[in-house]
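Heads up: the structure comes next, in structure tokens.
What follows is the structure, encoded as structure tokens:
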């Protein structure tokens, strides 16, 4: 049996209570499979509807039902939507973790808990609100088997009452969550929320400092997870062949896409699908199908996570050598097999950049928000066909599976560009073609699609041994010539990848470099460093690999540049080591976090302060 | 006295193409390799049936067999993929363009070992594809190791016996629900032609297991995939006659002597029975016949099963009639109003 060490703390009385408005985090600890996701989403949405910037992060186990799960909602008037390390308001519903959850809280935090857990005995420096959930759920939910699910909605009412969340917004969020078809379920849950609210009104005298107040910072915004945003991007990019194998945390990307495609991509004239979505037998097959489809001219994609990336390795190499477009989404997560597959990480950067055997280099795009998941998906499909190569869109579990506040997506302004594809008419005009000849100086040859009605259209696709005309060869000069062209093609990509976002702070001597979801922690950390330590820090957020000159210029400009990695081995820094000279590398420092939770600003700030010797 | 010699008119098929238009580059396989005979049959069949070469896509994995698509149908696109995973490439390509005629060539190592999983799922999906297994029971390119189709007790060239039972790709395909299953022998020109032509006409997956001796590593005394062994042990199920849709069927066959199977494109497969009664639309009978033959030490050849009714994978997916690959932007990028609608739902 594990024991919890109770540290003596100053009791609450005698402390001055100050108000904390729209700047705190709520953590809801439940058992997975108990239907808490609905209650948590409703709570998050209600705060969002009150105009307060908010984020929600689900920390869940690899399990269907019965293991602990935590959902963290952060409200931030400053617009910080990264994870906040400190929990200010705990809803303790899980007997398994309740004691430990309470012990971890900072002094002054508030706790709503299931009364029988008797948590108030543990500490005297917290604000406790015991709620008899079982007693309250009976009258509002006559059907016993539904009580387990409805019970959670009671805490929404309790929390709303304590934090001054408008119950009208809770009601609105509930209706939104359940939709018109499930009005009965919405009513049942609304009854539970009201019961919680009424109980709290009757029972509690507010003693904690936290509350919300209406703002106007979310008007017009949407709430969406990154996977759905990628799916929408792929649909508007005109994807036609989608192949996949279920794996956390990427499954919901394709599942969301299936929903959207069935709604919006059935040709109204014929009633037929303008797409094929295939659940393959494994990732070996899903990448093979995506490449076969890309070769035959489809806009093809697959979505996976680290283990799938490993399995796709050989085929991706063939895609590189045979020069076949495909978009591969990698929703990154923690390492192999069982353990932390449901936790986030940016752990595939190094392997993906050079995935496969022989010499290979692959472009990667790093969206950091739902807006970018959408827009960069569209860019990725154009890029894959422009450069005839597999392109990786690297997101992570935090971005992919959590709900984010976002601006509405912008309809693409650029047309779909299919790259260098020769038609039968082109072939007649040209009199023929050489598949791998660099005509335009960008290393990209012209291709034809099977089915092109011309006697000069056909060519034979194979791996490493081919000349300009796609003929079989094992000659060293042919191989070297081809490899040099492929290297040149990769160089040419640098002028076409999405450019980084650079923020130069006046007087800064140091800078940050980060990708993807590290953005939220780094931006907040820049503010913390300035406000708390008077350290100015500039920041470059990479949106793609290969790197562009912007990165080198940025490093040159600062004394020290901190490369932020959500992995143990400083993989993003490692990518820079592969190509930068020593003078640039000498300036690089590493900030790493690899605990499986979304990176938080305090972790970054503390590490910078330590490394800067402040 | 001078005479003008008029060259004989070139022999062409119904498209006006010569047989030359169906050939590929020179083979680099061993002289006498069964695979070369199969390549020749492919050339003849596609020529004789007048298949548009640019409408064909060739697929293969890795191995001697998988090199062969370079040696036929030079006017068709080809894709030499990775070991055992030709089915995935073919699936993707056929989904991208359902109007293609897909021809996959693979070997027993490619199919029965590394690729057995993909083979199973290909069969399960009934992808419209001709899937030829050039089966020699041995890994040729890596110099003569057993494959998973090598018979129990058969030996390597070095005399080492195989102590594991073989996979019978035809029996497995039947079990998994294949819609056209045949076994042939690379040395049986007429039978292989009829089977290949039927496969071209079939709407669905055609699994054709062709015993194709490896003259270098597996044509010896202890082999059960040698020319000699096939000469002594081949048991031909029936006589096959393929009548393409563009030929008139004028000769009626007396009742009971032959079975006629009408294929998807209007072609006919005429099956004349030999020694035994065998109905190739009876899946269980086919499985039984394979079991019997195995017990007797025979290699049963012919059309084992044909089912012309099962929907194909592209039909199941309700794919657009036009190739997905070339659908215009107006068909694949929804209108701005769709984005507005979705955004509104997410507010």
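Chains as they are written, first to last, in my numbering: chain V, 1 to 614; chain Y, 615 to 961.
C-beta atoms are modelled at their ideal positions from N, C-alpha and C, and glycine is treated no differently.
On a predicted model such as this, the values are computed, not experimentally measured, just so you know.
Let me know if residue i comes out buried or exposed under the rule of 16 or more other beta-carbons within 10 Å of its beta-carbon.
| i | result |
| --- | --- |
| residue 807 of chain Y | buried |
| residue 956 of chain Y | buried |
| residue 598 of chain V | buried |
| residue 772 of chain Y | exposed |
| residue 876 of chain Y | exposed |
| residue 611 of chain Y | This structure leaves residue 611 of chain Y out entirely; chain Y is present only between 615 and 961. |
| residue 2 of chain V | The predicted model places residue 2 of chain V with a pLDDT of 43, which falls under 50 and marks its position as unreliable, so this point remains unresolved. |
| residue 603 of chain V | buried |
| residue 18 of chain V | exposed |
| residue 507 of chain V | exposed |
| residue 259 of chain V | exposed |
The beta strand (DSSP E) that contains residue i, what's its start and end?
| i | result |
| --- | --- |
| residue 916 of chain Y | 913-920 |
| residue 938 of chain Y | Segment: none, residue 938 of chain Y is in no beta strand (DSSP E) and carries neither H nor E. |
| residue 876 of chain Y | 872-876 |
| residue 715 of chain Y | 715-721 |
| residue 382 of chain V | Careful: residue 382 of chain V lies outside any beta strand (DSSP E), inside the alpha helix (DSSP H) at 370-387. |
| residue 27 of chain V | 23-31 |
| residue 749 of chain Y | 743-749 |
| residue 130 of chain V | 127-131 |
| residue 691 of chain Y | 691-694 |
| residue 929 of chain Y | That residue, residue 929 of chain Y, is in no beta strand (DSSP E); its alpha helix (DSSP H) goes 927-930. |
Comparing alpha-carbon positions, which option in the options lies nearest residue i?
| i | options | result |
| --- | --- | --- |
| residue 450 of chain V | V/296, V/548, V/365 | V/296 |
| residue 219 of chain V | V/407, V/369, V/271, V/370 | V/407 |
| residue 704 of chain Y | V/291, V/324, V/138, V/191 | V/291 |
| residue 939 of chain Y | Y/752, Y/714, Y/903 | Y/714 |
| residue 709 of chain Y | V/179, V/161, V/67, V/241 | V/241 |
| residue 322 of chain V | V/25, V/346, V/472, V/334 | V/472 |
| residue 362 of chain V | V/477, V/353, V/538 | V/353 |
| residue 51 of chain V | V/212, V/121, V/86 | V/212 |
| residue 817 of chain Y | Y/689, Y/741, Y/944, Y/948 | Y/741 |
| residue 647 of chain V | V/536, V/585, V/531 | Nothing about residue 647 of chain V can be reported from this structure: the residues present for chain V run from 1 to 614 only. |
| residue 42 of chain V | V/537, V/57, V/176 | V/176 |
| residue 541 of chain V | V/501, V/534, V/530, V/565 | V/501 |
| residue 158 of chain V | V/605, V/336, V/170 | V/170 |
| residue 635 of chain Y | Y/641, Y/642, Y/626 | Y/626 |
| residue 366 of chain V | V/331, V/402, V/173, V/427 | V/331 |
| residue 511 of chain V | V/608, V/47, V/427 | V/608 |
Which whole-angstrom value describes the C-beta separation of residue i and residue j, a residue pair presumed to lie in contact below a C-beta threshold of 8 Å?
| i | j | result |
| --- | --- | --- |
| residue 679 of chain Y | residue 719 of chain Y | 6 Å |
| residue 615 of chain V | residue 504 of chain V | Outside the displayed span of chain V (1 to 614) sits residue 615 of chain V, for which this structure offers no information. |
| residue 306 of chain V | residue 347 of chain V | 6 Å |
| residue 454 of chain V | residue 668 of chain Y | 7 Å |
| residue 385 of chain V | residue 419 of chain V | 4 Å |
| residue 397 of chain V | residue 249 of chain V | 4 Å |
| residue 232 of chain V | residue 374 of chain V | 6 Å |
| residue 136 of chain V | residue 195 of chain V | 5 Å |
| residue 744 of chain Y | residue 725 of chain Y | Actually they are not in contact, since the Cβ atoms of residue 744 of chain Y and residue 725 of chain Y sit about 14 Å apart, beyond 8 Å. |
| residue 823 of chain Y | residue 749 of chain Y | 5 Å |
Starting from residue i, trace the alpha helix (DSSP H) both ways and give me its first and last residue.
| i | result |
| --- | --- |
| residue 844 of chain Y | 841-847 |
| residue 476 of chain V | 476-493 |
| residue 277 of chain V | Unbroken run through residue 277 of chain V is the beta strand (DSSP E), 276-279; no alpha helix (DSSP H). |
| residue 244 of chain V | It is not in any alpha helix (DSSP H) - residue 244 of chain V instead sits in the beta strand (DSSP E) that spans 241-244. |
| residue 425 of chain V | 424-430 |
Measure from the C-beta of residue i to each C-beta in chain C and report whether the shortest distance is under 8 Å.
| i | result |
| --- | --- |
| residue 725 of chain Y | Absent from the structure: chain C. Protein chains present are V and Y. |
Practice problem: Answer yes if the segment 296-308 of chain V comes into contact with the segment 239-246 of chain V, meaning at least three C-beta pairs across the two stretches below 8 Å, and no otherwise. | Solution: The segment 239-246 of chain V is in contact with the segment 296-308 of chain V.
Practice problem: Evaluate the contact criterion for the segment 907-920 of chain Y versus the segment 838-856 of chain Y: three or more CB pairs, one atom per stretch, below 8 Å. | Solution: Three or more Cβ pairs closer than 8 Å define a contact, and the segment 907-920 of chain Y meets that threshold against the segment 838-856 of chain Y.
Exercise. State whether the segment 798-812 of chain Y contacts the segment 842-853 of chain Y, with contact taken as three or more CB pairs (one from each stretch) at a distance under 8 Å.
Key: Because the criterion of three Cβ pairs below 8 Å is met, the segment 798-812 of chain Y and the segment 842-853 of chain Y touch.
Self-check item: the segment 925-934 of chain Y contacting the segment 268-285 of chain V, beta-carbon criterion three pairs below 8 Å
Solution: Counting Cβ pairs under 8 Å, three or more are found: they touch.
Quiz item: Is there contact here, the segment 488-498 of chain V with the segment 541-553 of chain V, by at least three beta-carbon pairs under 8 Å?
Solution: Proximity of the segment 488-498 of chain V to the segment 541-553 of chain V meets the contact definition, three or more beta-carbon pairs being nearer than 8 Å.
Quiz item: How about the segment 66-84 of chain V and the segment 510-527 of chain V: do they share at least three Cβ pairs that are nearer than 8 Å?
Solution: Yes, the segment 66-84 of chain V is in contact with the segment 510-527 of chain V.
Quiz item: Taking three-plus beta-carbon pairs below 8 Å as touching, is the segment 894-911 of chain Y in contact with the segment 780-793 of chain Y?
Solution: The answer is yes - the segment 780-793 of chain Y touches the segment 894-911 of chain Y, with three or more Cβ pairs under 8 Å.
Quiz item: On the three-pair Cβ rule with 8 Å, is the segment 312-322 of chain V touching the segment 253-267 of chain V?
Solution: As far as the Cβ criterion goes, the segment 312-322 of chain V does not touch the segment 253-267 of chain V, which means the pair count is below three.
Quiz item: Is the segment 594-614 of chain V touching the segment 77-93 of chain V in the sense that three or more CB pairs, one from each, lie closer than 8 Å?
Solution: Look at the beta carbons and you see the segment 77-93 of chain V touching the segment 594-614 of chain V: at least three pairs across the two are nearer than 8 Å.
Exercise. Check whether the segment 688-698 of chain Y touches the segment 770-785 of chain Y, taking contact to mean three or more Cβ pairs, one atom from each stretch, closer than 8 Å.
Key: Too few Cβ pairs lie closer than 8 Å, so no.
Quiz item: Are the segment 150-168 of chain V and the segment 195-207 of chain V in contact at 8 Å, needing three or more beta carbon pairs?
Solution: Yes: at least three Cβ pairs fall under 8 Å.
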